[in-house]
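A.B. asks:
Structure, rendered in structure tokens:
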């Protein structure tokens, strides 16, 4: 089940990569086995540096479900959330987060987060945000195609 939704997030990342207005990151939000939204990065399209896939998905889902409606949702994202997106995840209070590529994988492909992010204890971050890595190879492959 979790793998199906992660595949969907990775497919969205591929879609984003293959459009001139997208970006190579995807996110899916699920509530009780129903997809609330599935999106890719919108930074280029919106000319808005904050429109990462996770943040865009959170905004869409919050409009659809109401601001308190995300606490029972699960986020699937093709890459470990950056500091900005992680902050939004904190406020969304997701039940769980599944991510594909890690922040270190992203760094290897030129998507560099803040130095202070890399200095954080990743195990503590994953525990606090109920984050689990899933399908890393498939997620990284999006950047290699």
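In our numbering, the protein residues as written are 147 to 291.
Ideal Cβ placement from N, Cα and C applies to all residues, glycine included.
#1: Near residue 230, which residues of its chain fall below 8 angstroms by C-beta distance, leaving aside the five closest residues on each side in sequence?
#2: Assuming contact is defined by CB atoms lying nearer than 8 angstroms, are residue 161 and residue 169 in contact in what I supplied?
#3: Between which two residues does the alpha helix (DSSP H) harbouring residue 233 extend?
#4: If you drop the 5 nearest sequence neighbours on each side, which residues of the same chain put their C-beta closer than 8 angstroms to that of residue 282?
#5: Are the stretch 251-261 and the stretch 208-217 in contact at 8 angstroms, needing three or more beta carbon pairs?
#6: Quick one, which of 268, 269, 244 has its alpha-carbon nearest residue 151's?
#7: Compute the beta-carbon to beta-carbon distance between residue 224 and residue 287, rounded to the nearest angstrom, for a pair I have assumed lies under 8 angstroms.
#8: Is residue 198 helix, strand or coil when you go by DSSP?
#9: Can you confirm whether the stretch 257-268 touches the stretch 226-240 when touching is taken to mean that 3 or more C-beta pairs between the two stretches lie within less than 8 angstroms?
#10: With a 10 Å radius around its C-beta and 16 neighbouring C-beta atoms as the bar for buried, classify residue 188 as buried or exposed.
C.D. replies: If we stick to the structure as given:
#1: 196, 198, 201, listed in sequence order.
#2: A distance of 8 angstroms or more separates the beta carbons of residue 161 and residue 169.
#3: Counted as a single uninterrupted DSSP element, the alpha helix (DSSP H) harbouring residue 233 occupies residues 229-238.
#4: Cβ neighbours of residue 282 within its own chain (closer than 8 angstroms, five residues either side excluded): 246, 247, 248, 251.
#5: Touching, no, given that fewer than three Cβ pairs across the two stretches are closer than 8 angstroms.
#6: Residue 244 is the option with its Cα nearest to residue 151.
#7: Cβ-Cβ separation between residue 224 and residue 287: approximately 10 angstroms, too far for a contact (criterion under 8 angstroms).
#8: In the structure shown, residue 198 sits in coil (DSSP, three-state: anything other than H, G, I, E or B).
#9: Touching, yes.
#10: Burial call: buried.
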